[in-house]
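These notes concern the structure reproduced below.
There are 2 protein chains.
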Amino acid sequence: MTEHGEDVEGMAMERTPRGTGRRLHGSIAHKIGVAIVSGTYAPGDILSSEVDFSEALDVSRGAYREAIRALAAKGLVESRPKAGTRVLPRARWNLLDPDVLTWAFAGEPDAQFVRNLFELRAVVEPAAAGFAAERRDREDLRVLKEALAQMRRHSLATEAGRIADRDFHDAILRATRNDAMMVLAASIGAAVSWTTQYKQRARALPRNPIPDHARVYEAIAAGDAAGASAAMRVLVDLALQDTASAMGAPV
Amino acid sequence: MTEHGEDVEGMAMERTPRGTGRRLHGSIAHKIGVAIVSGTYAPGDILSSEVDFSEALDVSRGAYREAIRALAAKGLVESRPKAGTRVLPRARWNLLDPDVLTWAFAGEPDAQFVRNLFELRAVVEPAAAGFAAERRDREDLRVLKEALAQMRRHSLATEAGRIADRDFHDAILRATRNDAMMVLAASIGAAVSWTTQYKQRARALPRNPIPDHARVYEAIAAGDAAGASAAMRVLVDLALQDTASAMGAPV
DNA sequence: TGACAATTTTGGTCCGACTATAAGCCGCAT
DNA sequence: ATGCGGCTTATAGTCGGACCAAAATTGTCA
Chain V
12 MTEHGEDVEG
22 MAMERTPRGT
32 GRRLHGSIAH
42 KIGVAIVSGT
52 YAPGDILSSE
62 VDFSEALDVS
72 RGAYREAIRA
82 LAAKGLVESR
92 PKAGTRVLPR
102 ARWNLLDPDV
112 LTWAFAGEPD
122 AQFVRNLFEL
132 RAVVEPAAAG
142 FAAERRDRED
152 LRVLKEALAQ
162 MRRHSLATEA
172 GRIADRDFHD
182 AILRATRNDA
192 MMVLAASIGA
202 AVSWTTQYKQ
212 RARALPRNPI
222 PDHARVYEAI
232 AAGDAAGASA
242 AMRVLVDLAL
252 QDTASAMGAP
262 V
Chain D
12 MTEHGEDVEG
22 MAMERTPRGT
32 GRRLHGSIAH
42 KIGVAIVSGT
52 YAPGDILSSE
62 VDFSEALDVS
72 RGAYREAIRA
82 LAAKGLVESR
92 PKAGTRVLPR
102 ARWNLLDPDV
112 LTWAFAGEPD
122 AQFVRNLFEL
132 RAVVEPAAAG
142 FAAERRDRED
152 LRVLKEALAQ
162 MRRHSLATEA
172 GRIADRDFHD
182 AILRATRNDA
192 MMVLAASIGA
202 AVSWTTQYKQ
212 RARALPRNPI
222 PDHARVYEAI
232 AAGDAAGASA
242 AMRVLVDLAL
252 QDTASAMGAP
262 V
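Taken in order, these protein sequences are the chains called V and D. If you're matching positions, the first sequence starts at 12 in this note's numbering and goes up one per residue. If you're matching positions, the second sequence starts at 12 in this note's numbering and goes up one per residue.
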């Protein structure tokens, strides 16, 4: 992707084992995954036969198959003897899967999809904050407070600031004592954090997020479920507005 | 398991290609997946080496590796050279993945987990109903009405009845016009439907679900978001109560 | 004794052959 | 013509065996 300049098909793998980082099958899955999510291969399309595609990628058939297995596990494709490997309809994709989310945000994210994600977040996170207010223990509050302090110290423009922000939300999720909710909101949160880059890019950083977060913290500390929920709803709504304006799309 | 007498490890694959149905790597993934989710292999555990495990299962190393790829794609395990394949901490599992859910409900489902699922459902579905009330079109209402009619015709004890119930909820999700919410609620709904079996098993069928569903339909048809949301909340709460009592666990 | 090097274990990749499945075609009978 | 059933054949599925690469362990030497 750097100075080689070639990669004619746009899909050729690095032949040099140097600096692969990921395993080979992993990068294959990544490439094809991005291609599918970004629409290069539309739902219903049939991928080239295993032999053709794998040698087009210049990898062994085994590695290619393992990549396809991963994609199939995420609901992106389905392979059947004689029929080939077909891209499944979007409704079957595990859109909440962390990897799929990563692939979706690898290119220019679809504005509509981002809106949907925020909508879901606006449903889940306030509820999570409410549960957290009811179930948090002393340790949860300590972590929450520490994250808040870190957010005050560093701006959201810095890496440390974003990590603190993430810690804050993660701590709330842990406090819900609900695994399912944790997994879900963690995925959404990750996706949402990608959009933060767009906010930064647009230099649209007019709002100081600290007060919003502080209000959430106070309500959780006070054990005020309704208050925590409401405060979180405000926080998410504001984040959505920022993102929407930064992406140049109407809310 | 029958007269073969052997199968020492309790994990040996059927050697007879007869009635496999699933592909081989699929059944391997299923077996190991269930074993992990049910706690046979605890987080942090290292699976036997590829050669050992694959020949213990009496399958080729390739098939085994493909199965592991699928599990890795769902966040259940992680493989690293020399380090082996290790079961990841529960927090990394894609608990909302349809397959993982299936595996989780393959054995006796964990009561706590079911409660968490219902809690999440209680958050998402009412919100979805609200959005549906705002965005549904004539076609959505038609499908919804038809599903409701089918539910009246067949009891929930029948397969047709359960399908109708599922159609009803799916139609609501489609009406939200939110892909992310659709995928999520579909997963949860599938999981919840497993629990229906437990309700049946316990013969705890005291409640007639039609009125609850009808109220949701009426509110959506009327475009009453708040009403639809409230009606759905009631519906989910009642379902939770039924399930909880059927599972013999306190709410 | 501590740093370095050889060893060995284990996953990663490749190859080539064979098998099993089902889509699509062809022909038969209606 | 039409619908059904068997046959063909392309394609994914499975296998086994070989070699590569990385990392944990062990052993060795300064």
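Don't be surprised by glycine CBs; every beta carbon is placed ideally from N, CA and C.
- Against Phe124 of chain V, the close residues of chain D are Asp190 and Ala191, in the order they occur along the chain (beta-carbon pairs closer than 8 angstroms).
- Counting along the chain, the unbroken beta strand (DSSP E) around Val88 of chain D starts and ends at Val88 to Arg91.
- DSSP places Arg97 of chain D inside the beta strand (DSSP E), whose first and last residues are Gly95 to Val98.
- If one requires a minimum length of 4 residues, the alpha helix (DSSP H) runs lying completely within the stretch 109-180 of chain D are 109-115, 122-146 and 149-164, in chain order.
- Counting the other CB atoms within 10 Å of its CB gives Arg132 of chain D a total of 16 or more, which places it among the buried residues.
- Taking C-beta separations shorter than 7 angstroms and ignoring five residues to either side along the sequence, the partners of Leu249 of chain D in its chain run Arg218 and Asp223, following chain order.
- With fewer than three CB-CB distances shorter than 8 angstroms, the stretch 86-101 of chain D does not count as touching the stretch 79-87 of chain V.
- Between Ala94 of chain D and Tyr75 of chain D, the alpha-carbon positions lie close to 17 angstroms from each other.
- Residues of chain D whose Cβ lies closer than 8 angstroms to the Cβ of Ala81 of chain V are, in chain order, Arg80, Ala81, Ala83 and Ala84.
- At a cut-off of 8 angstroms between C-beta atoms, His36 of chain D counts as an interface residue with respect to chain V.
- In this structure, Ala239 of chain D lies away from Ala175 of chain D, with their beta-carbon atoms at least 8 angstroms apart.
- According to the DSSP assignment, Asp63 of chain V belongs to the alpha helix (DSSP H) that extends over Glu61 to Ala67.
- Against chain D, the beta carbon of Arg146 of chain V has no neighbour under 9 angstroms; the closest one sits roughly 11 angstroms away.
- The beta carbon of His180 of chain V is closer than 6 angstroms to those of Gly200 in its chain, skipping five residues each way along the sequence.
- Taking a C-beta distance under 8 angstroms as the contact criterion, Ala138 of chain D and Val134 of chain V qualify as a contact pair.
- Following the DSSP letters along the chain, one finds Lys42 of chain D inside the alpha helix (DSSP H) bounded by residues Leu35 to Val48.
- The secondary-structure analysis by DSSP pairs Ile57 of chain V across a beta bridge with V:Arg97.
- The continuous alpha helix (DSSP H) containing Arg72 of chain V extends over residues Arg72 to Ala84.
- Residues of the stretch 64-78 of chain D that bring their beta carbon within less than 9 angstroms of a beta carbon in chain V comprise Gly73, Arg76, Glu77 and Ala78, in sequence order.
- In summary, no residue of the stretch 237-255 of chain V has a CB separated from any CB of chain D by less than 9 angstroms.
- Closer than 8 angstroms to the CB of Asp108 of chain D there is at least one CB belonging to chain V.
- Contacts with chain D at 8 angstroms (Cβ-Cβ) do not include Leu155 of chain V.
- Around the beta carbon of Ile79 of chain V, a 10 Å sphere encloses 16 or more other beta carbons of the protein chains shown; the residue is thus reported as buried.
- At least 8 angstroms separates the CB of Glu61 of chain V from every CB of chain D.
- Interface residue (Cβ-Cβ distance to chain V less than 8 angstroms): Ala102 of chain D is classified as such.
- In this structure Glu229 of chain D is exposed. Its beta-carbon is surrounded by fewer than 16 other beta-carbon atoms within 10 angstroms.
- The contact set of Glu130 of chain D on chain V, defined by CB atoms closer than 8 angstroms, consists of Phe142, Asn189, Ala191 and Met192 in chain order.
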